[in-house]
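Peer 1: The numbers in the numbering used here rise by one with no breaks, and the one at position 41 of the sequence shown is 367.
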Amino acid sequence: MGFTISDTGGAADVFEIIDHGDGSATVFTKDPSQLDYESAKSYSIKVRVTDGGASQQLWDEADVAILITDVNDNAPLFPAATYSAQLSDSTKV
Ligand SMILES: [Ca+2]
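(1) Let's test the definition: count the other Cβ atoms within 10 Å of the Cβ of Val340 and tell me whether it reaches 16, buried, or not, exposed.
(2) Give the straight-line distance between the Cα atoms of Glu364 and Asp415, rounded to the nearest whole angstrom.
(3) By alpha-carbon positions, which one of Val390, Thr352 and Met327 ends up nearest to Gly335?
(4) With a threshold of 8 Å, are at least 3 pairs of Cβ atoms found where one atom belongs to the region 397 to 412 and the other to the region 369 to 386?
(5) By Cβ distance, which residues of its chain are closer than 6 Å to Thr330, with the 5 residues on each side in sequence left out?
(6) Here's the rule: buried if 16 or more other CB atoms are within 10 angstroms of the residue's CB, otherwise exposed. What is Ile344?
(7) Please say whether Thr355 and Leu361 have beta carbons closer to each other than 8 Å?
Here it is in structure tokens:
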């Protein structure tokens, strides 16, 4: 049997699959720095398994959803450096 990513879901260079040769496989990130929860919260790829049939190779596919978890890697940001407001001196506080 052999495992391949048959549909990268638009994330061509993000994931790769390692075939362990024992009927199992693991999906890895090629470069974890490409993952950013703020840019993409999930990916959907398709994995194909193909058997070793000599005359006719048989296969099946499964969708794999990869959910990215958030880490606190971005500082809060004010959109503007200065804000102003006007208050009457008769305003009750
Ligand atoms: Ca984050």
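Ideal placement from N, C-alpha and C gives every residue a C-beta, glycine not left out.
Peer 2: By the coordinates alone:
(1) buried
(2) 43 Å
(3) Val390
(4) no
(5) Result list for Thr330: Arg374, in chain order.
(6) exposed
(7) yes
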